[in-house]
Amino acid sequence: MSFVRTAVVAAALLIAGCQSSETNNASNASESSREAQIAPILDTPEAKDPASYARPLEARVYHVGLDLNVDFDAKRIGGTASLDIDRKPDAKEIVLDDKGLEIASITDGANQPLDYKVGAVDPKLGAPLAVTLRPDTTRLIIKYKSAPDAGALQWLTPEQTAGKKKPYLFSQGQAIENRSWIPTQDSPGIRQSWDATIHVPAGLTAVMSAPKSTEPITQGGESTFSYRMDHSVAPYMIAIGVGDLAFRELGPRTGVWTEPVMLDRAAAELADTEKMVEAAEKLYGPYRWGRYDLLVLPPSFPYGGMENPTLTFLTPTFIAGDKSLVGLVAHELAHSWSGNLVTNANWSDSWLNEGVTSYFENRIMEAIYSPKRAAQEAALSFDEMEKALAEENNGPNTQLHLGSKEGVPDGGSSGIIYDKGAVFLRTIEKIVGRDNWDAYLRSYFDRHAFQPMTSARFLADMRENLLKGDKGLEKKLQLDNWIYKPGLPSNVARPDPAAFASVDQAVRAFVAGGPAPAAFSGWTTAEKMRFINKLPRKMATSRLDALNNALKLNDAGNNEVLFAWLDLAVRNHYDPAVPALERFLTTQGRRKFVQPLIKTLAADAQWGRPIAVRVYKVARGSYHPITQRDLDQLKLGG
Ligand code: BES
Ligand code: ZN
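Sequential numbering of the sequence shown, starting at 19, is according to this note's numbering.
See the structure below:
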């Protein structure tokens, strides 16, 4: 970057200029001096983000200041966004991302109006918001409101909450939803620091993905909360939750927020969180975000978890009563390194976020629980990868680095991005040895902390710092095959065949006509899932009866086990599972669970579709806008 800047930010930017051309210096720079800079924009072609209208090399946002009012009646968040910008002196405009924002005015730092224009709307990406710059413009002040149907926001009525008394709001930014409530450049390669002052009706609590900057104040029927993120983060990581929220400490720097009636169960399930942070640090270096808190959301939260910095968002469906699904917590925590510190520059490389995190998650599980549990979870993930490879016929969607068509948000399959990504890193670990690999990965996070990453950059970094010219090692690793070729390279590290030996034996015995396995209730969650998933997809009703009666699968308290069972039941038109199915689909809205089940039902005209129509009529209103958008395509009414 070679921008000429105005006096205020000149010093910081000069450092940023050096930094972006010589990133290896980053490991030498102290944390504070690195943080004082504006995060660099990668200017190589593969780092471009086709999902954003921004042209950051001409003009980019580096700080977002929000002062917003949360209006539950109108279902709108509105107020002002003050954007600090860094620009080429001759830049004529800055382009922001906008999805349905209602803009009242845009002025510069001296309150002089600036011209702006909202371009053509794309149904996925929204529209470019181009603001004309004067030669001296370095700040934009935007007065605006979000639309009532903003894709990032879900507004819940009191009846839709656990406590039934107060309304609730939460946001979900990843991948490209935040442009529906924050007017900024919504691209993961354009890191921004931010602060927010949030006004909510008194009696509600607002939490955000940043440290609290002042104590809340309540006055005249309104409470005001302030948060400030001094690190620069990808804009999808700005998140908010508002509701009747209570907090409980889990450890010195960990805690959980949730509705009061959920607090005991959530805290019990999350009791190992502090230990997880310690284990993660021991593996890959310091946790750099201060506190690690979690927000356990209402059941319509569309994901398992979301790694919002300092405040992971979680579905309540992970609560099983026995910590058997806390791999989810390890996963979101691991994103504090892979994803939040070192971030995919665009969504073609989301394996760098999700694949590296899935590997890291498994290492945390191994450290805290047992090598056996970790090996089983890794073997399940390997199955998911194989399923995805088969579904895609080893086609172009099975590369880790996705082409620009597949690399749009939501374009890749999780069996590739998460599971093949993790298998890739396990393969490297096996070839170079755990100690070498761990030392490298730790240094990778240090070198690239608070910076964007691409596959090309990752490869160059690995060649420089791990392979160091070793030709034999280069050949053994097949790095380019893993990242740029579809299918599975020949050096793949396969999971430990012992991981599920006895479960697979039980599958064979049952398929041969034997009774349901007597040991089932004592099995791990991974073993139960493996058993159900390895059964043939077509089975006689009498055999499903044998399973359901012996194993009480319709009443499974573990949602992953229940989901695996319901998938099998639906494929076999198994009527005795329908009440459990309807309950499952109408009491939670996690996309990974509801979308495949409803899709399978909808595709089956005779038996399934009427169930899908009936369920969607009841459930649609409680699903998140993202989930609705997906399922509306099935034209079920509702
Ligand atoms: N970052 C993802 C969630 C996400 C991905 C949101 C893409 C929007 C677009 C999160 O870390 C995640 O991977 N969640 C998983 C759980 C995990 C244990 C595999 C989920 O939601 O199921
Ligand atoms: Zn993830």
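Ideal Cβ positions, reconstructed from N, Cα and C, are used throughout, including at glycine.
Q) So, is SER354 buried or exposed, given that buried needs 16 or more other C-beta atoms within 10 angstroms? A) buried
Q | Cβ-based neighbour list, ASN412, same chain, cut-off 7 Å, excluding 5 preceding and 5 following | A | PRO504 and GLY505
Q) According to the Cβ coordinates, are GLN203 and ASP115 closer than 8 Å? A) Result yes, Cβ atoms of GLN203 and ASP115 sit closer than 8 Å.
**Q.** Residues near GLU372 by beta carbon distance below 7 Å, same chain, minus five either side
**A.** If the five residues before and after GLU372 are omitted, its C-beta is found closer than 7 Å to the C-beta atoms of ILE435, TYR436 and GLY439, all from its own chain and listed in chain order.
(Q) Please classify GLN646 as buried or exposed, where buried requires at least 16 other C-beta atoms within 10 Å of its C-beta. (A) buried
Q. In its own chain, which residues sit with a C-beta less than 7 Å from the C-beta of GLU578, not counting the 5 before and 5 after it?
A. LEU343, THR543 and MET547
Q: Taking only runs that begin and end inside the stretch 471–531, name each unbroken alpha helix (DSSP H) of 4 or more residues, in chain order.
A: 473–480, 489–495, 497–502 and 519–529
Q) So VAL521 and PHE476 are in contact, right, with Cβ under 8 Å, and what is the actual spacing, rounded? A) At roughly 35 Å, the Cβ-Cβ gap does not stay under 8 Å, so VAL521 and PHE476 are not in contact.
Q. Hey, is GLU372 close to the ligand ZN, as in C-beta under 7 Å from one of its heavy atoms?
A. yes
Q) Would the C-beta of GLU18 count as close to the ligand ZN, meaning under 7 Å from any of its heavy atoms? A) The question about residue 18 has no answer, for the chain in this structure spans 19 to 656.
Q | Terminal residues of the alpha helix (DSSP H) in which ASN454 lies | A | 452–465
Q) In chain order, what residues of the same chain have a beta carbon less than 8 Å from the beta carbon of SER539, not counting five sequence neighbours either side? A) A distance below 8 Å between beta-carbons, with the five flanking residues on each side excluded, links SER539 to the following residues of its chain, in chain order: LEU569.
Q | Interface flag, LYS300 vs chain C, CB-CB below 8 Å | A | Note that chain C does not occur in the displayed structure, where there is just one protein chain.
(Q) Within a Cβ cutoff of 6 Å, which residues of the same chain sit near LEU443, ignoring the five residues on either side of it in sequence? (A) The answer, listed in chain order, is TYR377.
Q | Rounded C-alpha distance that separates GLY487 from ARG197 | A | Near 44 Å, if we compare the C-alpha coordinates of ARG197 and GLY487.
Q) Run through DSSP, which three-state label would PRO253 get? A) Here PRO253 sits in helix by DSSP.
Q. Would a C-beta distance cut-off of 8 Å place ARG682 and GLY322 closer than the cut-off?
A. Coverage of the chain is limited to positions 19 through 656, which leaves residue 682 absent and any answer about it impossible.
Q. If you draw a straight line from the C-alpha of LEU586 to the C-alpha of ALA558, how long is it?
A. If I take the Cα positions, the gap works out to 11 Å.
Q) By DSSP, does PRO146 sit in helix, in strand, or in coil? A) When DSSP states are grouped into helix, strand and coil, PRO146 belongs to the strand group.
Q: Return the CA-CA distance between ARG627 and ASN572, expressed in angstroms with no decimal places.
A: 21 Å
Q. Between PRO427, ARG391, ALA392 and SER432, which lies nearest to GLU410 when the distance is taken from Cα to Cα?
A. SER432
**Q.** Same chain, Cβ closer than 8 Å to PRO614, five either side skipped, listed in chain order
**A.** ASP585
Q: Would you decide whether ASN358 is buried or exposed? Buried here means 16 or more other CB atoms lie within 10 Å of its CB.
A: buried
Q. Between ASP126 and GLY259, what straight-line distance do the alpha-carbon atoms span, to the nearest angstrom?
A. 30 Å
Q) If you pair each beta-carbon of the stretch 384–395 with each one of the stretch 493–500, do three or more pairs fall below 8 Å? A) no
Q | In DSSP terms, what ARG246 is bridged to | A | ASP213
Q: Could you check what DSSP says for TYR186 in three-state terms: helix, strand or coil?
A: In this structure, TYR186 counts as strand in the three-state DSSP scheme.
Q | Through-space distance from PHE188 to GLN624, alpha-carbon basis | A | 38 Å
Q: Return the first residue and the last residue of the beta strand (DSSP E) that ILE160 is part of.
A: 157–163
Q) For ALA620 versus ALA630, is the C-beta spacing smaller than 8 Å? A) yes
Q.
Just checking HIS642 against the ligand ZN - is the residue's beta carbon closer than 7 Å to any of the ligand's heavy atoms?
A. no
Q: Could you name the residues that DSSP lists as bridge partners for ARG561?
A: Note: ARG561 sits in no beta bridge, so no partner.
Q.
Is THR98 a contact residue of the ligand ZN, with contact defined as CB to any heavy atom under 7 Å?
A. Answer for THR98: no, Cβ out of range of the ligand ZN.
Q. Taking all protein chains shown into account, do 16 or more other C-beta atoms lie within 10 angstroms of the C-beta of SER211, making it buried, or fewer, making it exposed?
A. buried
Q: For ARG94, write down the residues that DSSP places opposite it in a beta bridge.
A: ASP89
Q.
Using the Cβ count rule (16 or more neighbours within 10 Å means buried), how would you classify LEU399?
A. One point to set straight first is that residue 399 is Ser, not Leu, in the sequence displayed. SER399 is buried by the Cβ-count criterion.
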